[in-house]
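In terms of numbering that gives the first Met the number 0, the sequence shown has 155 at position 156, counting the first letter as 1, and numbering is strictly consecutive. Every residue gets a Cβ at the ideal spot worked out from N, C-alpha and C, and that includes glycine.
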Amino acid sequence: MAADSTSAAIPTKTVSVESIRSQFPILSREVKGKPLVYLDNGATAQKPLAVIEAMDTYYREHNANVHRGVHTLSEEATDLYEGARSKVAALLGAASPREVVFARNVTSAFNLVARSWGAANLGPGDRILLTEMEHHANIVPWYMVARQTGAELEFAPIDDEGRLDRAALTEALGRSPKVFAFTHVSNVLGTRNPVVEIAAEAKAAGALTVIDGAQAVPKFPVSVTEIGADFYGFTGHKLYGPTGIGVMWGRRELWEAMEPFEGGGSMINKVTPEKITWASVPAKFEAGTPPIAEAAGLAAAVDWVQSVGFPAIEAHEIELTAYALPRLAEVPGLKIFGPEDTAGREGIISFELEGVHPHDVSEILDRHGVAVRAGHHCAQILMRRLDVSATTRASFAVYNTTAEVDTLIEALHDARRIFGL
Ligand code: PLP
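Here it is in structure tokens:
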């Protein structure tokens, strides 16, 4: 499957949703006396037993600090931690595990790139190009480095359907930004950007490309080699893995040239009062004790996702989205933001119900056991573009069902009744 978007053929392999659901203990609980309908996967995904057990086993059997100890447990912990790096590198189609740096989450990983690369390479008047559909994780670190260096931020606009305005993007790239940082999939609109094309265009314009894969990596295969970007990050907890671990892949030569962002244990080669030298990549960027149990959990999540298979995950989520979009559109007074069909969009659907605040919608849905997100989704630039302060967002994962979409729709009708609409 191509890493790019709209031309992708619809995958055909199917999943057994019952068998998948049985692997997620939390999905059998009730909320407000109703079966849980978890549609807040864009915020974080639930965890399969394989992940929960991998972390449990780590603490029961292997717990030790990594890299430093010459004893069996430390070697086992190190193998688990470095094994996770290799699995992530393979998942992303990276040339080497050494190109993969672990961080606390993808936010922390963006801060690392913005602060470390940005501080060394940006100066007064340099342009940092972002898009109007970015998550704050890929805006605020650039804003901070812009303030530090005198660089300027520019936001590439979206069109009324919620896709990047390609002509405007070409114009913005023509103004020779030093960096183009953009999301692969919008966490609000579900829009899937044609990353291969726009990364190539940005590269030709001489910009460093930094891609936010937080909403992409859980949904379809990503090959950083095929995309041809400079940096690509994602976060473990949206990929059915634990919180507390994020990933930044970057080109080896870029990592090598960068200064570390945080200092401390593990990231040094030699410390003397006069001079400190850095460890090699990736240790140079991983100061202190790393997220070891979380890496074990992330490795299990990668294995789990690969055992289900992206063709099946993609096919299932496209089916759910194709089912949900017209059903939602039928609810009177409901407006969907983002592309109206499944071409170039993922199962992340933001909407507003006219006359009802998104927080009230969410609260009424919760009474039906339906978990969705309401708010600005850490995307206030986009909220301003959409001319709303907040939206309600339903976002799917591989364990969701069309029956759950039906429950969402019934709950929305209930919200309309309660508000006298
Ligand atoms: N980028 C996107 C597109 C997201 O949806 C999110 C999380 O909502 C993030 C970045 C930040 O993820 P984290 O909070 O794990 O760093």
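Distance between residue j and residue i (C-alpha atoms, nearest Å)
| i | j | result |
| --- | --- | --- |
| S349 | I267 | 45 angstroms |
| G343 | I197 | 14 angstroms |
| A199 | D39 | 33 angstroms |
| V304 | L91 | 13 angstroms |
| H66 | P47 | 29 angstroms |
| V87 | P220 | 12 angstroms |
| V187 | F230 | 22 angstroms |
| A396 | P325 | 19 angstroms |
| A93 | S306 | 20 angstroms |
| K202 | H356 | 42 angstroms |
| V280 | L364 | 47 angstroms |
| V369 | Q22 | 20 angstroms |
| A7 | R191 | For A7, the predicted model reports a pLDDT of 46, less than 50, meaning its position is unreliable and no value from the coordinates is stated. |
| A213 | S185 | 9 angstroms |
| R59 | A292 | 11 angstroms |
| I51 | A323 | 30 angstroms |
| G313 | P123 | Note on identity: in this sequence residue 313 is Glu, with Gly being the wrong assignment. Their backbone Cα atoms lie some 44 angstroms apart in a straight line. |
| Y37 | S18 | 17 angstroms |
| T13 | G264 | 47 angstroms |
| K31 | E74 | 46 angstroms |
| P272 | P290 | 29 angstroms |
| A119 | T276 | 18 angstroms |
| M257 | L207 | 14 angstroms |
| M382 | L152 | 18 angstroms |
| E329 | T56 | 48 angstroms |
| A53 | L79 | 10 angstroms |
| P193 | E409 | 35 angstroms |
| G374 | P310 | 32 angstroms |
| A2 | A215 | With a pLDDT of only 43 at A2, under 50, the local geometry of the prediction cannot be trusted, and the value read off the model is given with reservation. The straight-line gap from Cα to Cα measures roughly 10 angstroms. |
| W141 | A150 | 9 angstroms |
Under 8 angstroms between C-beta atoms of residue i and residue j
| i | j | result |
| --- | --- | --- |
| P259 | K237 | no |
| G205 | P241 | no |
| V371 | R384 | no |
| L253 | V178 | no |
| A346 | T320 | Residue identity differs from the one stated: residue 346 is Gly in this sequence, not Ala. Going by C-beta atoms, G346 is nearer than 8 angstroms to T320. |
| N137 | A180 | yes |
| V100 | F233 | no |
| E133 | W248 | no |
| V144 | G161 | no |
| V246 | E225 | no |
| T148 | L121 | yes |
| V139 | V209 | no |
| G262 | A278 | no |
| Q45 | L72 | no |
| P176 | R126 | yes |
| P332 | L407 | Residue 332 is actually Gly in this sequence, not Pro. Not closer than 8 angstroms, so no. |
| L317 | F154 | Per the sequence presented here, residue 317 reads as Ile, with Leu not at that position. It is not a contact, given that the beta carbons lie outside the stated cut-off. |
| A294 | A83 | yes |
| C377 | H183 | no |
| F110 | T288 | What sits at residue 110 in the sequence shown is Asn, not Phe. Not a contact, by the Cβ cut-off of 8 angstroms. |
Outcome for residue i when other beta-carbon atoms lying within 10 angstroms are tallied against a minimum of 16
| i | result |
| --- | --- |
| D386 | exposed |
| R428 | What is shown of the chain runs 0 to 420, which leaves residue 428 out entirely. |
| S15 | exposed |
| V301 | buried |
| D158 | exposed |
| T106 | buried |
| V270 | exposed |
| D211 | buried |
| V69 | exposed |
| Y171 | The amino acid at residue 171 is misidentified as Tyr; the sequence shows Ala. Its Cβ being crowded by 16 or more others within 10 Å, A171 is buried. |
| H358 | exposed |
| A389 | buried |
| E339 | exposed |
| H367 | buried |
| S95 | exposed |
| H412 | exposed |
Residue-chain proximity (residue i, chain B), Cβ-Cβ < 8 angstroms
| i | result |
| --- | --- |
| I335 | The structure shown contains no chain B; it is built from a single protein chain. |
Residue i: CB within 7 angstroms of a non-hydrogen atom of the ligand GTP
| i | result |
| --- | --- |
| D340 | Annotation note on the ligand GTP: not contained in the displayed structure, which lists the ligand PLP as its ligands. |
Entirely enclosed alpha helix (DSSP H) segments - the segment 294-337, minimum 4 residues: Given a length threshold of 4 residues, each whole run of the alpha helix (DSSP H) inside the segment 294-337 is given here in chain order: 309-328.
Ordered list of alpha helix (DSSP H) runs contained in the segment 349-375, each at least 4 residues: List check, alpha helix (DSSP H) in window: 357-366.
Contiguous alpha helix (DSSP H) assignments of at least 4 residues, all confined to the segment 206-256: Every unbroken stretch of the alpha helix (DSSP H) spanning 4 or more residues and falling wholly within the segment 206-256 is given here in chain order: 223-226 and 251-256.
In chain order, each alpha helix (DSSP H) run of at least 4 residues that lies wholly inside the segment 41-97: Within the segment 41-97, the complete alpha helix (DSSP H) runs of at least 4 residues are 48-56 and 71-90.
Ranges of the beta strand (DSSP E) found wholly within the segment 121-151, counting only runs of at least 3: Taken in chain order, the whole beta strand (DSSP E) runs of length 3 or more contained in the segment 121-151 are 126-130.
Those runs of the alpha helix (DSSP H) which lie wholly inside the segment 163-198 and span at least 4 residues: Segments of the alpha helix (DSSP H) lying fully in the segment 163-198: 165-173.
Whole runs of the alpha helix (DSSP H) within the segment 373-401, excluding any shorter than 4 residues: Within the segment 373-401, the complete alpha helix (DSSP H) runs of at least 4 residues are 379-385.
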